[in-house]
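Since the structure comes first, as structure tokens, the remarks are kept for the end.
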Amino acid sequence: MSNYSIQHLSKLYDVTPRTIRFYEDKGIITPKRQGVTRIFSERDKVRLELTLRGRRLGFSLDEIREIIDMYDPEQPDDPQQLLYLCTKIREHRKLLINKINDIYNTLNTMDEVERKALENLRVQQSKANAKASTLN
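Per numbering that gives the first Met the number 0, the sequence shown starts with residue 0, numbered consecutively.
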């Protein structure tokens with residue numbers, strides 16, 4: 000069974016030691032202590048990896064903890080856990096699609112505002128050129 004230091008996990012997952020301590024404070028990982036030194040187990044390493052993956056997917060820490068805590072190594076393909084995971088993935092996919100649509104709508108609005116502003120500038124420039132040519 001392997002043990003890991005906070006520095007090793009920090010380098011392995013490209014996160015700060017503070018991030019790892021944050022997940023410890025939240026109870027997601029529970030390293031043993033030798034004095035002031037934290038000793039992380041293989042279990043902690045896997046839980047940290049799953050937590051970081053869950054965060055990249057947009058899951059909240061509560062959702063991540065619930066999914067991880069449901070995991071039973073004796074029953075790795077537990078239907079209840081898999082169904083819950085699929086439900087959460089669908090929810091987050093829907094949120095991401097909504098965000099993508101919001102971004103497209105915002106970009107379209109920006110394009111329209113820019114188009115109108117440029118057209119207004121062209122009209123003003125045209126008027127200024129016409130006025131200048133009549134004065135000359």
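We put the CB at the ideal spot given by N, CA and C, even for glycine.
First through last residue of the beta strand (DSSP E) which encompasses PHE39: Counting from 1 along the sequence shown, the entry for residue 39 is found at position 40. Residues 36-40.
Unbroken beta strand (DSSP E) run spanning LYS98, endpoints: For the purposes of this step, residue 98 is taken as residue 99 along the sequence shown, with counting starting at 1. Run containing LYS98: none in the beta strand (DSSP E); it sits in the alpha helix (DSSP H), 78-134.
From ILE99 to LEU106, what distance separates their C-alpha atoms? Here residue 99 refers to the residue found at position 100 when the sequence shown is read from its first residue. Here residue 106 refers to the residue found at position 107 when the sequence shown is read from its first residue. One C-alpha to the other measures close to 11 Å.
If we ignore side chains and look at the alpha-carbon of each, how far apart do VAL112 and GLU118 end up? Position 113 of the sequence shown, counted from the start, is the residue given in the question as residue 112. Position 119 of the sequence shown, counted from the start, is the residue given in the question as residue 118. For VAL112 and GLU118, the distance between alpha carbons rounds to 10 Å.
Identify whether LYS31 lies in helix, strand or coil by the three-state DSSP scheme. What you label residue 31 is simply residue 32 of the sequence shown in a count that begins at 1. LYS31 falls in the strand class under three-state DSSP.
Drop a sphere of 10 angstroms on the beta-carbon of GLY53, count the other beta-carbons inside from all chains shown, and report buried for 16 or more, exposed for fewer. Position 54 of the sequence shown, counted from the first residue, corresponds to residue 53. With 16 or more other Cβ atoms within 10 Å, it is buried.
How many Å lie between ILE67 and ASP61 at the Cα? Walking along the sequence shown from the start, residue 67 turns up at place 68. Walking along the sequence shown from the start, residue 61 turns up at place 62. Spanning the two alpha carbons is a distance of roughly 10 Å.
If THR50 and ILE38 are in contact, beta carbons under 8 Å, what's the gap, nearest whole angstrom? Position 51 of the sequence shown holds residue 50. Position 39 of the sequence shown holds residue 38. Incorrect: roughly 18 Å between the Cβ atoms, too far for contact.
Does the distance from the CB of ILE28 to the CB of ARG46 come in under 7 Å? On the sequence shown, position 29 is the one that residue 28 refers to. On the sequence shown, position 47 is the one that residue 46 refers to. Yes, Cβ-Cβ distance for ILE28 and ARG46 is below 7 Å.
Just to confirm, is the Cβ distance from TYR103 to LYS44 under 7 Å? As a working mapping, residue 103 is identified with position 104 in the sequence shown. As a working mapping, residue 44 is identified with position 45 in the sequence shown. No, the pair does not count as a contact, with Cβ atoms beyond the cut-off.
Using a threshold of 7 Å, state whether the C-beta atoms of SER1 and GLU41 are closer than that. As a position in the sequence shown, residue 1 is number 2, starting the count at 1. As a position in the sequence shown, residue 41 is number 42, starting the count at 1. The answer is yes: Cβ separation under 7 Å.
Bridge partners - TYR3, DSSP secondary structure assignment: Indexing the sequence shown from 1 puts residue 3 at position 4. PHE39, per the DSSP bridge assignment.
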